[in-house]
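In the working numbering, the protein residues as written are 180 to 666.
We treat Cβ as the ideally placed atom computed from N, Cα and C, and that holds for glycine.
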Amino acid sequence: MTEHTLTVAGVAVDTRHWIGGERVASADTFTDVSPIDGSALGEIARGGPAEAAAAVAAAKAAFPGWAATPRAERARILHAVADGVEKRIEELAIVETTDNGALLRSHRRGVMPRVAHNFRFFADWLLTLDHDDFATRGHTNHVSWDPAGPSVLITPWNAPLMLATWKVAPALAAGNTVVLKPAEWSPLTASLLADIAAEAGLPAGVLNVVQGYGAEIGDALTSHPDVRRISFTGSVPTAQRIAASAAPRLTPLSLELGGKSPLLVFADADLDLAVDLAVEQYDNAGQVCLAATRLLVEESVAEEFTRRFVDKATRLRQGDPRDEATDIGPNIHPRQLEKIDGFVRRALAAGARAVIGGHPRDGQYYAPTLLTEVAQDSEIVQEEVFGPVLTLQTFTTEDEAVALANDTRFGLAATLATGDRERAERVGAQLVAGTVWINCFFVRDLQAPFGGSRHSGVGREGGTWSFDFYCDLKNTVTAPKGWKDHG
């Protein structure tokens, strides 16, 4: 091992940036800490404007060659990246669990296989990407997707590798080169991805990974004149800063932001299913942007729903995420835990009642919490907590349910539990959300559009929508006359 390598559960991770096909150190570092026990994992290269400029320069230099690479060859390399991910699922799973505290069993069985699928899906979609030619007064229109150029991808800490590859895979498939900036609280699997991509034969400079703290490196990336696309997943305030940085050059943005999603439970719903859906919102310690944190329950079944919910939720096991029996792990960072507890304490002081939870536990663990007696205009109902904290409100009519559901500045997702098909269609059509789930949750097909309304984002990812963003669409119009015979 070298001074630039740390070991996580026997897995070696290089702590330097990956720029232009080489490892690059920085003069400064930051400490990466495991949320499981607060232990320091190691020192990570802390980039700034110089590293940002070098990464964009490498991406710019590599772009012409990668953009000109035939689709079939790009797809082959992306499948090779997927092969590499699948060979290292166990290593990726344990490193990410140690780094961000999510359940190891989930990483092994769902998350890391999905990472490989991200690459395979967009590789295959690339090969089918086409639009039928059409005629205009005898002229032929031909639509093509031209690679846009170097793309900056800034990704969050709650599902680091899966959310990164939702962006990396389509950007690379489209023929763009990439500068990936992972979240500083969970940077390790992005470094492993760079190794896997290089081993798969991805040319130098096509994928670059730079680490650093927020604006120190982010501003230099998002304001760079050679960047042609910016995709960000994270908070609204950071998105506003990125948009301001990109505005002078009109760099196109894709923003997947926060949520305050509702779960509407009607009296005709299967209550056991509805309770299962509600308790599922504690997944990943509540650190899921899509989570339906506002439970809206029809008054006539609210008491029975709450009883069943409490019975199920209090049987969840919270602890070390590496333990197969654990249901809820830690929150990512002491600052996040403090933020969560602040929301809850202010809500309790304002008159809310904690049915369960309402307090932190040892270390970086927060007890699963359900708050009732909350006002619609209260902070706890209107703002994203991003922790294992749910609120419960009641309604008496369908119109009231829809009004409550839509009464925030967000619109990322909504979940609806009902046994009435007509009601499902009627209410689903009125909900302001990028995704509406009916009697299910978190079913995500990559060919479907994903994104949010209002302050939950700008643009959509998935299927052709991803290529529409990462490419410059061109329409070539050809006249039927004017040709010379060169025979």
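Counting along the chain, no beta strand (DSSP E) covers S424; the unbroken alpha helix (DSSP H) around it starts and ends at V415 to A425. Boundaries of the beta strand (DSSP E) harbouring A191: V190 to D193, taken from the DSSP string. N387 places its beta carbon less than 8 Å from that of I198.
About 4 Å separates the CB atoms of Q466 and N337; that is less than 8 Å, so the two are in contact. Taking 8 Å as the upper bound for CB-CB distance, A399 and A232 are in contact here, some 7 Å apart. For Q572, the uninterrupted beta strand (DSSP E) run begins and ends at V568 to F574, by DSSP. Taking the Cα of T472 as reference, the smallest distance to any Cα among T587, L450, G226 and H196 is reached at T587. Judged by DSSP secondary structure, H310 falls outside any alpha helix (DSSP H); it is assigned neither H nor E. Restricted to the segment 461-486, the beta strand (DSSP E) segments that are unbroken, complete and at least 3 residues in length are 473-477, listed in chain order. In the DSSP assignment, F411 falls outside any alpha helix (DSSP H) and within the unbroken beta strand (DSSP E) covering R408 to T412.
The C-alpha of A240 lies about 49 Å from the C-alpha of A504. Residue environment analysis places L549 among the buried positions, since at least 16 neighbouring C-beta atoms fall within 10 angstroms of its C-beta.
Rounded to the nearest angstrom, the gap between the Cα atoms of G521 and A251 is 52 Å.
Under the three-state reduction of DSSP, Y649 is assigned to helix.
Sequence-distant partners of L271 (beyond 5 residues in either direction) whose C-beta falls short of 8 Å from its own C-beta, in its chain, are V264, H286, M291, V294, L340, T368 and L371.
The C-alpha of G661 is placed about 50 Å away from the C-alpha of T334. Around the beta carbon of R225, 16 or more other beta carbons lie within 10 angstroms, which makes this residue buried.
The secondary-structure analysis by DSSP pairs S433 across a beta bridge with S410. Collapsing the DSSP output to three states places E265 in a helix. Bridge partners of P441 according to DSSP: R473. Classified as exposed, F313 has fewer than 16 neighbouring CB atoms from the shown chains inside 10 Å of its CB. Counting the other CB atoms within 10 Å of its CB gives K439 a total of 16 or more, which places it among the buried residues.
Rounded to whole angstroms, G566 and C650 show a C-alpha spacing of 36 Å. For V560, no beta strand (DSSP E) encloses it; the enclosing alpha helix (DSSP H) starts and ends at E558 to Q561.
S205 carries a coil assignment under DSSP once its states are collapsed to helix, strand and coil. In the three-state reduction of the DSSP assignment, I215 falls in the coil class. Beta-bridge annotation (DSSP): T319 is paired with A314 and T657. The shortest CA-to-CA distance from D502 to any of R514, T276, S205 and E230 is the one to T276. The C-beta separation of S205 from E182 comes to about 13 Å, leaving the pair out of contact by the 8 Å criterion. Counting C-beta atoms within 10 angstroms of its own C-beta, S218 has fewer than 16 neighbours from the protein chains shown and is therefore classed as exposed. Put simply, of S365, I375 and A383 the residue whose alpha carbon is nearest the alpha carbon of V357 is A383. When the Cα atoms are used, L456 and L474 turn out to be separated by approximately 10 Å.
With contacts defined as CB atoms closer than 8 Å, A247 and L305 fail to qualify as a contacting pair. With respect to the C-alpha of V564, the residue from R540, R525 and D578 having the closest C-alpha is R525. Bounds of the beta strand (DSSP E) holding L386 are L386 to V388. Where W345 is concerned, there is no enclosing beta strand (DSSP E), although the alpha helix (DSSP H) around it starts and stops at P339 to A352.
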